[in-house]
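K.L.:
The structure that follows is given in the form of structure tokens.
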Amino acid sequence: QSVLLSAFLQNVCQDGWFDALLAVRQSGFRSASCSSFEQLNPNVKEKRFDEIAGRFPGLRVALVGDFCLDRYLEIDPALAETSIETSLEVFNVARVRSQPGGCGTILNNLSSLGVGTVYPVGFAGEDGEGYELMRALGQVECVDMGHFFQTPDRRTFSYTKPLVIEPGRSPRELNRLDFKNWSPTPAVVQQRVIESLNALAKRVDAMVLLEQVDVADTGAITGEVADALSQIRRQSPDLLMLADSRRGPKHFPAVGLKMNRDEFAVLTGQARELQVPDLCSAVGSLAAERGQAVFVSLSEDGIAGAKPGEQPEHVPCLPARGEIDVVGAGDAVMANLATAIAAGAETSEAMRLAMAAASVVVHQLGTTGTASLQDIRSLVCAH
1 QSVLLSAFLQ
11 NVCQDGWFDA
21 LLAVRQSGFR
31 SASCSSFEQL
41 NPNVKEKRFD
51 EIAGRFPGLR
61 VALVGDFCLD
71 RYLEIDPALA
81 ETSIETSLEV
91 FNVARVRSQP
101 GGCGTILNNL
111 SSLGVGTVYP
121 VGFAGEDGEG
131 YELMRALGQV
141 ECVDMGHFFQ
151 TPDRRTFSYT
161 KPLVIEPGRS
171 PRELNRLDFK
181 NWSPTPAVVQ
191 QRVIESLNAL
201 AKRVDAMVLL
211 EQVDVADTGA
221 ITGEVADALS
231 QIRRQSPDLL
241 MLADSRRGPK
251 HFPAVGLKMN
261 RDEFAVLTGQ
271 ARELQVPDLC
281 SAVGSLAAER
291 GQAVFVSLSE
301 DGIAGAKPGE
311 QPEHVPCLPA
321 RGEIDVVGAG
331 DAVMANLATA
341 IAAGAETSEA
351 MRLAMAAASV
361 VVHQLGTTGT
371 ASLQDIRSLV
381 CAH
């Protein structure tokens, strides 16, 4: 198997990976990149991509979870001063950039893909950061703000990121300043989230769930909200529901899961160092056990995924084309997986789009990037 995998990886570099819909089955998984695939010519690739992407404007997606405000403070070291009072160096901020983070990053990617309507489901505080977040979300063309609200019972989850900007150099990030909630989300706030979920369940093509908080029950997806999602799953078994969590996916109900390699190891008890064929087999077993799709991002090894009743798949990542910044790559993967699957893409096709999106995002330095549909198309159809 290791010899076959080595040969497979060599051919990936030579031949690319968006080149077929059917794969040679080996070792219990399908590699969507084997050089022994039946080759598709560029015109066919473009036609299939456009067929999938052509359905994006008709999609309605509920985006549920923790919305943050990312604030970038651009520091100009040429303007440095010394404080008269403390004798400490003063960092002068020359520019402030604010953009939605957490679920908001997924939202930006959904918008870049041309998704028809996105319903943010969550909350912000009644504070300055909340005002900025509400304004930023409301300016996105595809967004319906009817299920996102401000509350005095929570503060706005925000990341403040000081960046030193020097000519001819990549931005250098200093220690981040985080603003979070450390107490349980009040019942009245949870109830508003649950009411929105129930109202949207029959109206949307997909629900994307993201838990960004580190402490249980302090964000939008609490235990009570998870119970409501379980009920929605029972009532709407065909609704695409895909979840990701910083705390790992163990506490989620029977929904599709996207996680990283470490989270998969914790969830399944498998060794983190599993080789790709063995990991793919384990991903397939977990998908069959849960009865839901499972995707595992593998950093430089790409992504593995499986749906119940199907062979697990593996798609490698694209080679780096210069300096990279991985912030936001996982959110781009999440957005593309959910959108492509909701549009009728096969598992391997969705993962190819996701890997192309990740490749676009990691080359955007000093920001939580997004991948446009045209950028993704160019990479997908070229490899």
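For the sequence shown, position 35 matches number 35 in UniProt numbering, and the numbering has no gaps at all.
Just so you know, even glycine gets a beta-carbon here, dropped at the ideal spot from N, CA and C.
1) Is K180 helix, strand or coil when you go by DSSP?
2) Grouping DSSP H, G and I as helix and E and B as strand, with all else coil, what is D244?
3) Opposite K258 in the DSSP bridges: which residues?
4) Determine, using beta-carbon pairs with one atom in the stretch 63-73 and one in the stretch 95-103, whether at least three such pairs fall under 8 Å.
5) From the DSSP secondary-structure annotation, give me the bridge partner or partners of Y159.
6) Pull up the CB-CB distance for A282 and Q270, whole angstroms please, since I reckon it's below 8 Å.
7) For the beta strand (DSSP E) containing A94, name the first residue and the last one.
8) Quick one: give me the first and last residue of the beta strand (DSSP E) that L209 is part of.
9) Give the secondary structure of H251 by DSSP, where H, G and I count as helix, E and B as strand, and everything else as coil.
10) From the DSSP secondary-structure annotation, give me the bridge partner or partners of G65.
11) Looking at C-alpha atoms only, which residue of G219, R192, E132 and A201 is the closest neighbour of R154?
12) Among L133, Y159 and G302, which has the Cα closest to the Cα of G125?
13) For T86, does the three-state DSSP call read helix, strand or coil?
14) What does DSSP give as the partner residue(s) for P167 in the beta ladder?
15) Would you mind listing the alpha helix (DSSP H) stretches within the stretch 316-375 that are 4+ residues and don't spill past its ends, in chain order?
16) Return the CA-CA distance between T160 and E173, expressed in angstroms with no decimal places.
17) May I ask which residues mark the beginning and end of the beta strand (DSSP E) holding G305?
18) Q150 lies in the beta strand (DSSP E); which residues open and close that run?
19) So, under 8 Å CB-CB, F56 and G104 are touching, yes? Tell me the CB distance rounded to an integer number of Å.
20) Could you tell me which residues DSSP puts in a beta bridge with H383?
21) In terms of DSSP beta bridges, what is E173 paired with?
22) Grouping DSSP H, G and I as helix and E and B as strand, with all else coil, what is P186?
23) Run through the DSSP bridge pairs and tell me what V118 is partnered with.
24) Report the option in N336, V189 and V362 whose CA atom is closest to the CA atom of Q150.
25) Do A371 and V380 have their C-beta atoms within less than 7 Å of each other?
26) Have a look at P249, E51 and V44 and flag the residue whose alpha-carbon is nearest the alpha-carbon of L373.
27) Could you tell me the distance, in whole angstroms, from the CA atom of D217 to the CA atom of K180?
28) What three-state label does DSSP hand A136 in the structure shown?
29) So, is L88 buried or exposed, given that buried needs 16 or more other C-beta atoms within 10 angstroms?
30) Are there three or more Cβ pairs, one per stretch, closer than 8 Å when the stretch 75-91 is compared with the stretch 232-244?
31) Between R95, V61 and L63, which lies nearest to D76 when the distance is taken from Cα to Cα?
32) For V121 versus S230, is the C-beta distance shorter than 7 Å?
P.N.:
Inspection of the coordinates gives the following:
1) Start at 1 with the first residue of the sequence shown, and residue 180 comes out as number 180. DSSP places K180 in coil when its eight states are reduced to three.
2) Stepping through the sequence shown from its first residue, residue 244 is reached at position 244. D244: strand per DSSP, three-state reduction.
3) Residue numbering aside, residue 258 sits at position 258 when the sequence shown is read from its first letter. Answer by DSSP bridge pairing, in chain order: F295.
4) yes
5) Here residue 159 corresponds to residue number 159 of the sequence shown, with the count starting at 1. DSSP lists D70 and D178 as partners of Y159.
6) Translated into positions along the sequence shown, residue 282 becomes position 282. Translated into positions along the sequence shown, residue 270 becomes position 270. Yes, A282 and Q270 are in contact; Cβ-Cβ is about 5 Å, under 8 Å.
7) As a first step, residue 94 is located in the sequence shown; it is residue number 94 there, counting from the start. Here the beta strand (DSSP E) through A94 covers V93 to G102.
8) Here the question's residue 209 lines up with position 209 in the sequence shown. L209 -> beta strand (DSSP E) spans A206 to E211.
9) Residue 251 sits at position 251 when you count from the first residue of the sequence shown. Looking at H251 - three-state DSSP - the assignment turns out to be coil, as it is neither helix nor strand.
10) Start at 1 with the first residue of the sequence shown, and residue 65 comes out as number 65. DSSP lists L210 as partners of G65.
11) The residue given as residue 154 occupies position 154 in the sequence shown. Residue G219 is the option with its Cα nearest to R154.
12) Counted from its first residue, the sequence shown places residue 125 at position 125. If we check each option's Cα against that of G125, L133 comes out closest.
13) The count along the sequence shown starts at 1 and reaches residue 86 at position 86. T86: coil per DSSP, three-state reduction.
14) Here residue 167 is taken as the residue at index 167 of the sequence shown, counted from 1. Residue pairing by DSSP places P167 opposite no residue, since no beta bridge is assigned to it.
15) 329-342 and 347-362
16) Here the question's residue 160 lines up with position 160 in the sequence shown. Here the question's residue 173 lines up with position 173 in the sequence shown. So the alpha carbons of these two residues sit roughly 10 Å apart.
17) Position 305 of the sequence shown, counting from 1, holds the residue named residue 305. Start and end: I303 to A306.
18) Against the sequence shown, residue 150 aligns to sequence position 150. It spans F148 to T151 - the beta strand (DSSP E) in which Q150 sits, taken as one unbroken run.
19) Indexing the sequence shown from 1 puts residue 56 at position 56. Indexing the sequence shown from 1 puts residue 104 at position 104. Going by Cβ atoms, the distance from F56 to G104 rounds to 19 Å, so no, they are not a contact pair.
20) Translated into positions along the sequence shown, residue 383 becomes position 383. Per DSSP, none; premise fails for H383.
21) Reading the sequence shown from its first residue, position 173 is the one you call residue 173. Looking at the DSSP assignment, E173 forms a beta bridge with L163.
22) As a working note, residue 186 is residue 186 in the sequence shown. Collapsing the DSSP output to three states places P186 in coil.
23) In the sequence shown, the residue the question calls residue 118 occupies position 118. According to DSSP, which records beta bridges pairwise, V118 is partnered with V61 and V143.
24) The residue given as residue 150 occupies position 150 in the sequence shown. The shortest Cα separation from Q150 among N336, V189 and V362 belongs to V189.
25) For the purposes of this step, residue 371 is taken as residue 371 along the sequence shown, with counting starting at 1. For the purposes of this step, residue 380 is taken as residue 380 along the sequence shown, with counting starting at 1. In this structure, V380 does not lie closer than 7 Å to A371 by Cβ.
26) Translated into positions along the sequence shown, residue 373 becomes position 373. Each of P249, E51 and V44 was checked against the Cα of L373, and the nearest Cα belongs to E51.
27) On the sequence shown, position 217 is the one that residue 217 refers to. On the sequence shown, position 180 is the one that residue 180 refers to. Roughly 12 Å between the two C-alpha positions.
28) For the purposes of this step, residue 136 is identified with residue 136 of the sequence shown, where counting begins at 1. In this structure, A136 counts as helix in the three-state DSSP scheme.
29) As a position in the sequence shown, residue 88 is number 88, starting the count at 1. Exposed: under 16 other Cβ atoms inside 10 Å.
30) no
31) Position 76 of the sequence shown, counting from 1, holds the residue named residue 76. When each option's Cα is compared against that of D76, the closest is R95.
32) Here residue 121 corresponds to residue number 121 of the sequence shown, with the count starting at 1. Here residue 230 corresponds to residue number 230 of the sequence shown, with the count starting at 1. Taking 7 Å as the Cβ cut-off, V121 and S230 do not qualify as a contacting pair.
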